[in-house]
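See structure below.
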Amino acid sequence: MNKYPMTVQGARALEEELTHLTKVVRPKLSQDIGTARELGDLKENAEYHAAREQQGMVEARIRDIEGRLQHAVVIDVTTIAPTGKVIFGTTVEIANVETDESVTYQIVGEDEADIKLSKISVGSPIARALVGKDEGDVVAVKTPGGLIEYEIVEVRHL
Numbered sequence: 354m355n356k357y358p359m360t361v362q363g364a365r366a367l368e369e370e371l372t373h374l375t376k377v378v379r380p381k382l383s384q385d386i387g388t389a390r391e392l393g394d395l396k397e398n399a400e401y402h403a404a405r406e407q408q409g410m411v412e413a414r415i416r417d418i419e420g421r422l423q424h425a426v427v428i429d430v431t432t433i434a435p436t437g438k439v440i441f442g443t444t445v446e447i448a449n450v451e452t453d454e455s456v457t458y459q460i461v462g463e464d465e466a467d468i469k470l471s472k473i474s475v476g477s478p479i480a481r482a483l484v485g486k487d488e489g490d491v492v493a494v495k496t497p498g499g500l501i502e503y504e505i506v507e508v509r510h511l
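Everything in the sequence shown is counted per this note's numbering, starting at 354 for the first residue and increasing by one.
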């Protein structure tokens, strides 16, 4: 049985998506299917087939979210005393040792990862290299472009 680590915000977002799918999207699709049925011959009814296909995708997503929430391990990093060590949920500022370019990432669960929001999955190569290390440590990350070294500048519990 897989456990899915996620932040409090990530669990909340999944719960909100589940509520939206079950309370808004599912009833609308049922209504759309009923309306399409009234149009007659179901064999050649594109609206009916499209609504049924959409319903299947929504039901699959609902099952996926329910399974993830059922097996979620919600971690509230704000309840953990800051130690300067990189752990799940912390926000980490790292600097490329060669170029001195600095980036900040929050280490989150797989479902929450969004590089545009500077959130990386705990299973990503960068996160795997960072977890367990301390501020000031230098870590090597294997990338498609080669090995890159980063210094951990700051670790924040937000």
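Ideal placement from N, C-alpha and C gives every residue a C-beta, glycine not left out. Model, not experiment: these values are computed from the prediction.
Buried versus exposed call for residue i [16 or more other C-beta atoms within 10 Å across all chains shown]
| i | result |
| --- | --- |
| residue 468 | exposed |
| residue 377 | exposed |
| residue 498 | exposed |
| residue 410 | exposed |
| residue 466 | buried |
| residue 474 | buried |
| residue 417 | exposed |
| residue 380 | exposed |
| residue 508 | buried |
| residue 392 | exposed |
| residue 470 | exposed |
| residue 464 | buried |
8 Å contact criterion, which residue i and residue j should meet: CB distance rounded
| i | j | result |
| --- | --- | --- |
| residue 445 | residue 460 | 7 Å |
| residue 440 | residue 484 | 7 Å |
| residue 482 | residue 493 | 7 Å |
Closest by C-alpha distance to residue i, when choosing among the options
| i | options | result |
| --- | --- | --- |
| residue 422 | 509, 369, 483 and 458 | 369 |
| residue 363 | 462, 386 and 381 | 462 |
| residue 420 | 440, 371 and 455 | 371 |
| residue 436 | 487, 373, 501 and 491 | 487 |
| residue 360 | 455, 426 and 457 | 426 |
| residue 495 | 443, 453 and 477 | 477 |
| residue 431 | 438, 442 and 424 | 442 |
| residue 511 | 433, 399, 386 and 403 | 433 |
| residue 448 | 412, 470, 406 and 501 | 501 |
| residue 402 | 415, 414, 413 and 382 | 382 |
| residue 404 | 374, 413, 490 and 387 | 387 |
| residue 452 | 503, 429, 356 and 398 | 503 |
| residue 400 | 412, 375 and 385 | 385 |
Please give the ranges of any beta strand (DSSP E) in the segment 426–462, keeping only runs that are unbroken, at least 3 residues long and fully inside the region. 444–449 and 455–461
Unbroken alpha helix (DSSP H) runs of length 4 or more, entirely within the segment 370–404: which are they? 379–390
Ignoring anything shorter than 3 residues or poking outside the segment 461–505, list the beta strand (DSSP E) runs there in chain order. Entirely contained in the segment 461–505, the beta strand (DSSP E) runs reaching 3 residues are, in chain order, 472–474 and 491–496.
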